[in-house]
Amino acid sequence: MPLKVRPDCMTGPHDRTTALADLGAGGAPVIAARRKHRRGQDWLGPELGIAPRTVGRILRRRAVPYLRDCDPMTGAVIKSSKATTRRYERQRPGELVHVDVKKLGRIPDGGGWRAHGRSEQVRRRGIGYDYVHSMVDDHSRLAYSEIHADEKGPTCAGFIARAAQYFQSQGISRIERVITDNHLSYRRSAHVAAVIDQLHAKHLFIKPHCPWQNGKVERYNRTLQSEWSYRRVFASNADRARALAPWVEFYNTQRRHSALDGVPPISRLQPTS
């Protein structure tokens with residue numbers, strides 16, 4: 001049942017203190033919801049019926065670790081990745097898109113180690129990897145993802161072409177710049193170069209060993225892992241693959257995005273279909 005906080009409790013410092021007191025037990029309901037759902041303040045706030053910033057203050061006061069520092073399945077604290085201190089956002093959709101590939105171990109039929117634990121028998125059941133190709137628009141955070149068996153040049157090129165078509169259907173008529181890492185499939189592939197040329201876009205590369213410069217898609221990859229690939233235990237690789245497209249649709253059209261003031265990416269666009 002949603003927590004009830006008076007609307008006039010959110011206007012000033014004294015009122016914010018009152019709002020925190022109304023939660024009782026030092027914000028115990030907020031802490032319990034965080035542990036159960038493993039979500040951030042922008043999701044927890046509306047679910048609990050209180051302001052997201054109030055949720056954030058409670059989490060900080062109780063020294064609850066950031067989600068980026070936690071295992072998405074267990075909530076245990078793990079080492080976080082480096083992030084840039086220079087934050088930016090392009091002024092219009094399509095001005096810059098970020099492209100990257102996330103490598104994920106395939107799931108054996110019947111489930112992998114997340115279903116059965118890290119036994120020796122389970123570890124020997126490895127069946128290779130899936131490569132999740134993703135594109136994220138810098139301004140709107142609109143995303144598109146596909147699963148492939150590799151990250152070779154022709155595969156990357158085909159993905160970029162289809163991602164551009166999807167972006168166009170969502171109101172991004174032109175892609176001006178594409179930024180990627182320095183993988184050979186991007187830097188030396190004639191197929192990738194041809195597709196980007198057909199888009200009349202400029203290909204940018206991050207500095208070597210600086211993945212945070214491709215931060216929008218790197219952050220999306222972490223969300224992809226925590227909310228799609230690791231959110232629940234899948235019985236097979238096919239089950240996980242089928243769950244990708246619905247999740248991306250949810251991400252673009254319904255999921256509240258903290259960098260967009262709590263609205264989904266589609267709110268910054270005018271889809272054409």
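In our numbering, the protein residues as written are 1 to 273.
Yeah, the Cβ is synthetic: ideal placement off N, Cα and C, and Gly gets one too.
Fair warning: this is a prediction, and the values are worked out from it, not measured in the lab.
{"query": "Stretch-stretch touch, CB-based, cutoff 8 angstroms, three pairs: the region 176 to 184 with the region 95 to 105", "result": "yes"}
{"query": "Euclidean distance between Cα positions of V30 and F250", "result": "24 angstroms"}
{"query": "Alpha-carbon to alpha-carbon, R162 and Q168", "result": "10 angstroms"}
{"query": "Alpha-carbon to alpha-carbon, S185 and I172", "result": "25 angstroms"}
{"query": "C-alpha distance - R255 paired with D150, whole-angstrom precision", "result": "29 angstroms"}
{"query": "Start-to-end residues for the beta strand (DSSP E) that takes in Y131", "result": "129 to 137"}
{"query": "Neighbourhood of A193 by C-beta distance below 8 angstroms, restricted to the same chain and skipping five residues each side", "result": "H203"}
{"query": "Local conformation of E146 per DSSP, three classes", "result": "strand"}
{"query": "Among R188, A63, L224, nearest to V136 - alpha-carbon criterion", "result": "L224"}
{"query": "Neighbourhood of R268 by C-beta, 6 angstroms cutoff - its chain only, sequence neighbours within 5 removed", "result": "S140"}
{"query": "I127, buried or exposed, once every other Cβ within 10 Å from all chains shown has been counted against 16", "result": "exposed"}
{"query": "Backbone CA spacing between V44 and A33 [nearest angstrom]", "result": "Checking the sequence shown, residue 44 turns out to be Leu, not Val. Distance between the alpha carbons of L44 and A33: 7 angstroms."}
{"query": "Selection from L244, R35, R38 that minimises the alpha carbon distance to Y144", "result": "L244"}
{"query": "Beta carbon of A285 nearer than 8 angstroms to that of H191", "result": "The structure shown does not extend to residue 285, since the chain is modelled only from 1 through 273, so no value can be given for it."}
{"query": "Residues of its chain near I107, where Cβ-Cβ distance is below 7 angstroms and the 5 sequence neighbours each way are ignored", "result": "F234, S236, N237, R240"}
{"query": "For I179, the first and last residue of its enclosing beta strand (DSSP E)", "result": "177 to 180"}
{"query": "Exposure label - D197; buried when at least 16 CB within 10 Å", "result": "exposed"}
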